[in-house]
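Down below is the structure, laid out as structure tokens.
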Amino acid sequence: MEKNVFVMDHPLIQHKLTILRDEKTGSKQFRELISEIAMLMCYESTRDLPLEEVETKTPMMTAKTKVLSGRKMAFVPILRAGLGMVDGVLNLIPAAKVGHIGMYRDPETHQPVDYYCKLPADLDSRDVFVLDPMLATGGSAIDAVTKIKEFNPKRIKFMCIIAAPEGIKAFTEAHPDVPVYCAGLDDCLNDHCYILPGLGDAGDRIFGTK
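According to the numbering used here, the sequence shown holds residues 99 to 308 in order.
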């Protein structure tokens with residue numbers, strides 16, 4: 099396992115991931131599962147958020163309690179498949195801002211092509227979570243994080259649902275300072291740079307397109 103890579107083996111995540119992979123799972127259930135897995139992964143990947151002590155008046159007495167220590171967050175899905183993860187993470191952190199980075203993979207070169215970027219203006223004061231269900235070659239994720247680093251955020255984390263070893267290697271070499279959180283580390287890429295065993299094209303399965 100590469101340094102700074104975390105495979106989430108929580109039973110609920112693994113159970114939902116199995117259903118997600120199944121070719122018989124339709125778009126509606128697939129979208130729901132992507133969102134649910136993203137929410138569970140967000141819960142796990144925010145364990146290191148700092149807390150501070152405050153006083154809270156309960157109906158019984160004043161208590162010393164904990165709140166997040168001023169951390170502001172932003173989620174940046176890589177379009178289009180990353181959109182499927184947004185609702186799940188916002189369920190946990192509804193005050194977070196959301197940016198978007200649009201990329202597609204050239205069918206001949208398999209390299210990412212940028213076509214859209216809209217990020218929060220105050221990204222330099224935020225922790226950024228980059229979202230994409232699949233980390234295949236790593237090209238899109240590498241380019242997205244490179245672009246986000248230009249805005250000097252506090253921290254960056256990358257969250258994907260399934261990763262290939264080739265993508266992990268490329269990403270961690272390009273951005274060794276950015277932790278990767280994934281639900282499944284698969285075997286390899288095929289000749290068309292799809293993850294095996296994978297789950298097919300995440301964007302097509304989320305949106306019901308071919």
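From the three backbone atoms N, C-alpha and C, an ideal C-beta is built for every residue, glycine too.
Can you have a look at His290 and say buried or exposed, based on whether 16 or more other CB atoms are within 10 angstroms of its CB?
For this step, residue 290 is matched to residue 192 along the sequence shown. Exposed, by the Cβ-count rule.
Pro205 CB to nearest heavy atom of the ligand ATP below 7 angstroms
The ligand ATP is absent from the structure shown, which contains no ligands of any kind.
Can you check which of these residues, Leu233, Gly236 and Ala193, is closest to Pro218 by C-alpha distance?
Within the sequence shown, residue 218 is the residue found at index 120, counting from 1. For the residues Leu233, Gly236 and Ala193, the minimum Cα distance to Pro218 belongs to Ala193.
Just to confirm, are Asp284 and Ile293 a CB contact at a threshold of 8 angstroms?
Taking the first residue of the sequence shown as position 1, residue 284 is located at position 186. Taking the first residue of the sequence shown as position 1, residue 293 is located at position 195. Yes, these two residues count as a Cβ contact at 8 angstroms.
Whole angstroms is fine: what's the gap from Leu145's alpha carbon to Pro109's?
In the sequence shown, counting from the first residue as 1, residue 145 sits at position 47. In the sequence shown, counting from the first residue as 1, residue 109 sits at position 11. According to the sequence as given, residue 145 is Arg; it is not Leu. Taking the straight line joining both Cα atoms gives about 17 angstroms.
So which of Ala262, Gly301 and Cys286 has the shortest CA-CA distance to Val103?
Counted from its first residue, the sequence shown places residue 103 at position 5. The shortest C-alpha separation from Val103 is found at Ala262.
Near Lys216, what residues of its chain come up, given a Cβ to Cβ distance below 7 angstroms and the 5 sequence neighbours on each side ignored?
Taking the sequence shown and counting its residues from 1, the one referred to as residue 216 is at position 118. So the qualifying residues of the chain are Gly197 and His198.
Which residue spans inside the segment 105 to 178 form an unbroken beta strand (DSSP E) run of at least 3?
149 to 155, 160 to 166 and 170 to 177
Counting along the chain, where does the beta strand (DSSP E) carrying Gly200 start and finish?
Start at 1 with the first residue of the sequence shown, and residue 200 comes out as number 102. Here the beta strand (DSSP E) through Gly200 covers His198 to Arg203.
Closest to Met237 by C-alpha separation, out of Pro251, Thr207 and Asp220, would be which residue?
Against the sequence shown, residue 237 aligns to sequence position 139. The displayed chain sequence assigns Gly, not Met, to residue 237. It is Thr207 whose Cα lies nearest to the Cα of Gly237.
Are the beta-carbon atoms belonging to Leu287 and Ala242 less than 8 angstroms from one another?
Looking up residue 287 in the sequence shown gives position 189. Looking up residue 242 in the sequence shown gives position 144. No, they are not a contact pair.
Note down the Cα distance separating Leu181 from Pro175, rounded to an integer number of angstroms.
Residue mapping note: residue 181 aligns to position 83 of the sequence shown, counting from 1. Residue mapping note: residue 175 aligns to position 77 of the sequence shown, counting from 1. Straight-line Cα distance between these residues: approximately 6 angstroms.
For Val307, is the classification buried or exposed, using 16 other Cβ atoms within 10 angstroms of its Cβ as the cut-off for buried?
As a position in the sequence shown, residue 307 is number 209, starting the count at 1. Just to set this straight, residue 307 is Thr in the shown sequence, not Val. Under this definition Thr307 is an exposed residue.
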